[in-house]
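Trainee:
There are 4 protein chains.
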Amino acid sequence: MNSYGTLFRISTFGESHGPAIGVIIDGCPAGLTIDLNFIQSELDRRKPGQSKITTQRKEDDSFKILSGVFEGKSTGTPIAITIENQDQRSKDYSHIQNTFRPSHADYTYESKYGVRDYRGGGRSSARETAARVAAGAIAKLLLKQVGIEINAYVSQVGELKAPHYTQLDLNKTEDNIIRCPDVSIAEKMISLIDQVRLARDTIGGVVTCVIKNTPVGLGEPVFDKLHAEIGKAMLSINAVKGFEYGSGFDGITLRGSQHNDEFYNDGNKIRTKTNFSGGIQGGISNGEDIYFNVAFKPVATIMKDQPSVDKDGNETIVSGKGRHDPCVVPRAVPIVEAMAALVIADFLLRSKSSKI
Amino acid sequence: MNSYGTLFRISTFGESHGPAIGVIIDGCPAGLTIDLNFIQSELDRRKPGQSKITTQRKEDDSFKILSGVFEGKSTGTPIAITIENQDQRSKDYSHIQNTFRPSHADYTYESKYGVRDYRGGGRSSARETAARVAAGAIAKLLLKQVGIEINAYVSQVGELKAPHYTQLDLNKTEDNIIRCPDVSIAEKMISLIDQVRLARDTIGGVVTCVIKNTPVGLGEPVFDKLHAEIGKAMLSINAVKGFEYGSGFDGITLRGSQHNDEFYNDGNKIRTKTNFSGGIQGGISNGEDIYFNVAFKPVATIMKDQPSVDKDGNETIVSGKGRHDPCVVPRAVPIVEAMAALVIADFLLRSKSSKI
Amino acid sequence: MNSYGTLFRISTFGESHGPAIGVIIDGCPAGLTIDLNFIQSELDRRKPGQSKITTQRKEDDSFKILSGVFEGKSTGTPIAITIENQDQRSKDYSHIQNTFRPSHADYTYESKYGVRDYRGGGRSSARETAARVAAGAIAKLLLKQVGIEINAYVSQVGELKAPHYTQLDLNKTEDNIIRCPDVSIAEKMISLIDQVRLARDTIGGVVTCVIKNTPVGLGEPVFDKLHAEIGKAMLSINAVKGFEYGSGFDGITLRGSQHNDEFYNDGNKIRTKTNFSGGIQGGISNGEDIYFNVAFKPVATIMKDQPSVDKDGNETIVSGKGRHDPCVVPRAVPIVEAMAALVIADFLLRSKSSKI
Amino acid sequence: MNSYGTLFRISTFGESHGPAIGVIIDGCPAGLTIDLNFIQSELDRRKPGQSKITTQRKEDDSFKILSGVFEGKSTGTPIAITIENQDQRSKDYSHIQNTFRPSHADYTYESKYGVRDYRGGGRSSARETAARVAAGAIAKLLLKQVGIEINAYVSQVGELKAPHYTQLDLNKTEDNIIRCPDVSIAEKMISLIDQVRLARDTIGGVVTCVIKNTPVGLGEPVFDKLHAEIGKAMLSINAVKGFEYGSGFDGITLRGSQHNDEFYNDGNKIRTKTNFSGGIQGGISNGEDIYFNVAFKPVATIMKDQPSVDKDGNETIVSGKGRHDPCVVPRAVPIVEAMAALVIADFLLRSKSSKI
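The following block contains the structure:
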């Protein structure tokens, strides 16, 4: 339902136009220093209104911790975080109250639940991901303790693709508003999005994520394989249509003799020469870089009139209004990182009982 | 761990060379007629030795039901199924006992658990999927009661692709040994695999799955979105590297105005004109066809010598022996269907409490 | 951890002296009318300062709903409720900061987590049960829809016992401050507690709970038997030391021929003549009244000096301060009802998939 | 449902007269030496036909391990164990097929599931507990590694009570057929049961369990308190009607000043002078002995005719037949220990992530 994780477990709540959204993190080990500035900085990477290629809607996304932290440290009890909604004033929603916006969740929520909060997407709004980012920030603090680093970036917008991650300097991701570490591709992506925005349209893209310094042994076969859980976590993000790790869909056309990752001994530990496996073998991390791609569809809200139907099945027109993202990927980068951090933190705790 | 599902829940066990593998299905509603022939026919679709393009290893994969079925019907108590391993005779495994086969799970299992059943892959062997197929057969029997149909087929081998599913007759899937409903592509695929096999190599492919007649309302936001759970289920199958649904990775290059699925009223119910959404909106089924692609890497076991290391970190050679699949996709078709059936059955039960 | 339930699931958070406590209810079916006054009235039954035999500490326990309710009805999304702590002003806690109060959770929390919120019990405070009562109120609203009634009352204080529930009018429970429907016993209980309070001591008691109109079929063998889950829920309440249902510990001395509940047909349905089974057979409700007893120990906080040790293992004295309950049972009545309602609501939803 | 535990998790299956019963243990750490003789000896303590005061039915209860153990050690993968039913030959069950035996689960299973395996109790038979004992034996092997000891014994039959456990030598439990370490009470219990048996009746009793050497810190507040989970585990055993730990129901009549357990420093560690807390404070073990009582009702199957109704609601007579236990407690001792071991093993693994 609205919870994720086995030992490091989050439960999120909240609608886009209710009083607040939030999250409970249950299972965070005690004694972790909770860096409030870091949590805020992660939320800021996701918040609307950051740049000309994101929605111009302004929200501060400042958070409150209600429990689970005492004198700056986690206590082992549930950490509850709330983020108030500033946009919740009573606007006029009558134009969308009974209408199903194309490729949104309006129709399915209405059918499944019989009632729905029709103001701005309600629970199905991507606003919900702010809670994930706050929780993910705490997971990242835990992972830092053991040296694990998670870096996502925009690797594709429309047809424009960045080179493979091994050819990029991932420290440059935050240097530009599209969050692509290749400067020249970044510029092209930005101008493409700008163009799409002016055409009152939207476009899709890919976020690539790289996890470094994972210990060998994370992942729980056979159903909770590491990549299966990462995949689920990514696919649970709004607008995601696909997931691949390591060689992914491109691996299909290779021969086994090309695709197999040869083991060698680097003097200190066992490594692989290539990494088509994406750092995971048999569902368990092997210590190499974990990397994966997440495909995002073009945002469904466009600034154009679109034919649709209303609750009674009558034909109607949905007109594009408001302030929306022409492309979701720059703001999706911290969300992908947050979900990755939550998965890895959970498996790190789960791995503690593999052996006697 | 080794369980999947919330209300319709399976737990599998067993190693490839232990006495038996098996599964417990907990939560199957009482009163379902259990068609033993159907379960066997599903297992037969997965079993080795079916055709010249699968491994020539022979296993009957006949099953026993130990509990949960009485006078031909499910009783609501756990249904335990075992499948004996016929290949468990004591062979000489000394050549692989201490060696890590490239792109297998040998190294990660050894590191995670400190001990491992080194005979033929042990728990990480794809043999484990036979238990999934048996359980999936029971899920299919449940879904048939409400008219839901699940059809998977091979849509790609190497570079060879079948047309979009809407242009295929899915009743023809079982007409050929590759399980591709397009006869002429099927022939090309078969001869490609044969060629790869003669080269003592392996190749990857894609299985596409289509689910028809799903009721509106399956899926539980925000983490257990329908496609997120399907994705996890598929990624948990051995050798899977990627998952996409609806427009998938191709949706990236479309504009929102092209990608949005326009609603209309067909007289009886609300439908969409296109189906880039893949039958799922906001994580909940909308009644249109659900369709998705699952990417399989080339099988790691090849009939060639490969350099590797042993447990002590010394260089060694892994030599290809035995009878293995040159391409996993024809046998993966029933596995993909089984996992899809298990996910849908679970959400069908979970959906019963959406509304008062 | 801090969550309870499978389909109707709550997650609580909060420390007694942090900013707020609260709860997320996930899985409440959509369309339920949420009666805010009823929730408040339930919280009022639990709140401190109600009468001379409860703590004189004043807290309003007014709540806010942050999500999951729209236009007065549940939407099927998580219902988040917060209750601010009014007592969180910075008092001087230095006297208990390093001291372990006898029969409290100070020592075990410190040992388990290495850090603890030492202000007034932190997470281990019974204040946490306010969140359960708020969630339980919503469960009760759901149960009312199907006619299920839950009534708890004080059946014992020290040696003073009320008669069996079948000889009581459970509508009279709220007529007195001890919440015992037998007026004359109630008066004796009140004066006993008053006496204990004046002696700066505390005393234990029993809360009995009766659930009427449960449908046949609630409970999920073999581990989630209805009484096993009720038992766990009750034992999870602070200060509870024992649980028994139906004949309970007294059943030990009966013969099978006396204890068996004879079936008969009352013309409309199958009933039992006696009800030693407590409305549950084989872990499943049989439609008769479910009844059980919950034993509460004397409150650990007493107004006397007690020898103890501090964090460093040095001898010290814990002196009784503050405003505490001399007997917990009158305020425990709504907590027992709340937990019972949460269990029954969960099994009601779970029972929907027993049969095809 | 039919699973218990979070990290050390068991799933049981099987009906009394089906081909086999069994259990999967998922989450047992790798590297544990699996002592097959010990597992058998535990099963032998539970098996029928041990002595004149248990049922004379003969079953060997020999087990097979199908997976998860390799070269004598656990591998971290699921351990599947089956126990064949020897009594499954086709007898004539027509006399009970349509009849509801008093205080059995016949009526509730029939109502809940619409179908039931009517042969000898099916899934609701206490035969299911053999699977728990096999799994519990493996949990005990794990606990032995860290020095934890679990000892249960019969402390009451009818009105006959043994002294408090602190006055008994728990090594003497297996010295007599009733499993009570006080020889003179044991003799009285045995002759009472014999008397009851000759009267074709049954009687109830209490099993007390003591867990020694538990580390401080087991238990997960607030819902998964250590005693709440132990309570649930005990209440899930057939015929159990009550559970109390530490002072239990007797604690009700004490004053707080009598009941509080004073802390002291024994030179090495912090201890309590008394142990009314039963080794658990705030739901977390404090290192003192954990002890608790489990109340068993008189067995429902008696050798007398009893009036009842059949499926159609018609009056009928249930006549006592077969070979049944006049008192369940001697055979319940290993079951109580097994469930206690499973709970403690699970919390031992869960406790590994309390702190960073």
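Residue numbers (our numbering), protein chains in the order written: chain A, 25 to 380; chain B, 25 to 380; chain C, 25 to 380; chain D, 25 to 380.
C-beta: ideal position from N, C-alpha, C; glycine also.
Would you mind stating whether A/Leu373 and A/Ile34 have Cβ atoms separated by less than 8 Å?
Mentor: Not in contact: A/Leu373 and A/Ile34 (Cβ atoms no closer than 8 Å).
Trainee: Could you check how far apart the C-beta atoms of C/Ile77 and C/Ile261 are, in whole angstroms? I think they sit under 8 Å.
Mentor: That pair is no contact at about 19 Å.
Trainee: At the level of alpha carbons, what is the spacing between B/Val178 and B/Ala319?
Mentor: So the two alpha carbons sit approximately 10 Å from each other.
Trainee: Considering only the alpha carbon of each residue, which of C/Val139, C/Lys164, C/Asp313 lies closest to A/Phe94?
Mentor: The option with the nearest alpha carbon to A/Phe94 is C/Val139.
Trainee: From the DSSP output, in three-state form, read off D/Ala159 for me.
Mentor: Helix at D/Ala159.
Trainee: Do you know whose CA, among B/Thr36, B/Arg279, B/Pro331, B/Gln191, lies nearest D/Leu90's CA?
Mentor: Here the closest residue by C-alpha is B/Thr36.
Trainee: Are there three or more Cβ pairs, one per stretch, closer than 8 Å when the region 238-248 of chain A is compared with the region 302-309 of chain A?
Mentor: Contact holds: three or more Cβ-Cβ distances are below 8 Å.
Trainee: Along the region 187-212 of chain B, what residues have a CB closer than 7 Å to any CB found in chain A?
Mentor: Going along the region 187-212 of chain B in chain order, one finds no residue with a Cβ nearer than 7 Å to chain A.
Trainee: Quick check for students: name the residue ranges of the beta strand (DSSP E) that lie wholly in the region 173-209 of chain C, counting only runs of 3 or more.
Mentor: Whole beta strand (DSSP E) segments, 3+ residues: 173-181.
Trainee: Please name the residue in C/Pro102, C/Gln330, C/Cys204 whose C-alpha comes closest to that of C/Thr232.
Mentor: Ranking C/Pro102, C/Gln330, C/Cys204 by Cα distance to C/Thr232 puts C/Cys204 first.
Trainee: To the nearest angstrom, how far is the alpha carbon of A/Glu286 from that of C/Gly46?
Mentor: Using only the alpha carbons, I get a separation of about 53 Å.
Trainee: Counting C-beta neighbours from all protein chains within 10 Å, is the total for C/Asn338 16 or more, i.e. buried, or is it exposed?
Mentor: Exposed.
Trainee: Which two residues bound the contiguous alpha helix (DSSP H) that contains B/Glu286?
Mentor: That residue, B/Glu286, is in no alpha helix (DSSP H); it is neither H nor E in DSSP.
Trainee: Could you have a look at B/Asn61 and say whether DSSP puts it in helix, strand or coil?
Mentor: In this structure, B/Asn61 counts as helix in the three-state DSSP scheme.
Trainee: Using a Cβ-Cβ cut-off of 6 Å (strictly less than) and excluding sequence neighbours within five positions of B/Ser343, which residues of its own chain qualify?
Mentor: Excluding sequence neighbours, B/Ser343 sits near Asp329.
Trainee: Would you decide whether A/Val357 is buried or exposed? Buried here means 16 or more other CB atoms lie within 10 Å of its CB.
Mentor: Result: buried.
Trainee: Going by the CB atoms, is the gap between B/Thr123 and B/Ser332 shorter than 8 Å?
Mentor: Yes, these two residues count as a Cβ contact at 8 Å.
Trainee: Would you kindly report the start and end of the unbroken alpha helix (DSSP H) that includes C/Asp370?
Mentor: Segment 353-374, the alpha helix (DSSP H) holding C/Asp370.
Trainee: Taking the alpha-carbon of A/Arg295 as reference, which of A/Glu312, A/His283, A/Ser301 has the nearest alpha-carbon?
Mentor: Considering only alpha carbons, the answer is A/Glu312.
Trainee: So A/Ser378 packs on D/Ala54, CB below 8 Å; how close in whole Å?
Mentor: Confirmed, Cβ separation roughly 6 Å.
Trainee: Under 8 Å between C-beta atoms, does D/Ala150 make it to chain A?
Mentor: Chain A, which has no Cβ nearer than 8 Å to the Cβ of D/Ala150, makes this no.
Trainee: Report the neighbours of A/Glu244 on chain B: residues whose CB is nearer than 7 Å to its CB, in chain order.
Mentor: What A/Glu244 touches in chain B: Met25.
Trainee: Tell me the DSSP secondary structure of C/Ile380 in three-state form.
Mentor: The answer is coil: DSSP assigns C/Ile380 none of H, G, I, E or B.
Trainee: Contact between the region 62-70 of chain B and the region 124-139 of chain D is defined here as three or more beta-carbon pairs at a separation below 8 Å; is this criterion met?
Mentor: The region 62-70 of chain B is not in contact with the region 124-139 of chain D.
Trainee: Just by C-beta distance, which residues in the region 121-138 of chain A are closer than 9 Å to chain C?
Mentor: Against chain C - using a Cβ distance shorter than 9 Å - the residues of the region 121-138 of chain A are Tyr133, Lys136, Tyr137, Gly138.
Trainee: Please list, in chain order, all residues of the same chain as D/Met363 whose beta carbon is under 7 Å from its beta carbon, the five residues on each side excluded.
Mentor: Closer than 7 Å at Cβ, skipping near neighbours: Arg156, Gly160, Ala257, Met258, Ile261.
Trainee: For the region 297-341 of chain A, list the beta strand (DSSP E) runs that are entirely contained and at least 3 residues long, ordered along the chain.
Mentor: Runs of the beta strand (DSSP E) inside the region 297-341 of chain A: 314-320, 330-333.
Trainee: Look up D/Gly229 in the DSSP assignment and give the residues it is bridged to.
Mentor: D/Val181, D/Phe320, per the DSSP bridge assignment.
Trainee: At the 8 Å Cβ level, is A/Arg347 part of the contact set with chain B, yes or no?
Mentor: No, its Cβ sits nowhere closer than 8 Å to a Cβ of chain B.
Trainee: Considering only the alpha carbon of each residue, which of D/Arg143, D/Ile48, D/Gly73, D/Arg81 lies closest to D/Ile107?
Mentor: Among D/Arg143, D/Ile48, D/Gly73, D/Arg81, the Cα nearest to that of D/Ile107 is on D/Ile48.
Trainee: Show which residues of chain D have a CB atom less than 7 Å away from the CB atom of B/Asp59.
Mentor: Those do not exist, as B/Asp59 stays about 16 Å from chain D at its closest Cβ, beyond 7 Å.
Trainee: Whole angstroms are fine: how far does the CA of B/Gly241 sit from the CA of B/Ser375?
Mentor: When rounded, the distance between both Cα atoms is 7 Å.
Trainee: In chain order, what residues of the same chain have a beta carbon less than 6 Å from the beta carbon of A/Ser271, not counting five sequence neighbours either side?
Mentor: Hits under 6 Å: Phe300.
Trainee: Would you mind working out which of D/Pro72, D/His119, D/Phe32 sits nearest D/Lys164, comparing C-alpha positions?
Mentor: For D/Lys164, the nearest C-alpha among the options comes from D/Phe32.
Trainee: Just to confirm the assignment: which complete alpha helix (DSSP H) runs, minimum length 4, are found wholly within the region 79-132 of chain A?
Mentor: Listed in chain order, the complete alpha helix (DSSP H) runs (minimum 4 residues) inside the region 79-132 of chain A are 118-121.
Trainee: Just the Cα atoms here: how many angstroms apart are B/Phe87 and A/Glu211?
Mentor: Rounded to whole angstroms, B/Phe87 to A/Glu211 spans 60 Å at the Cα level.
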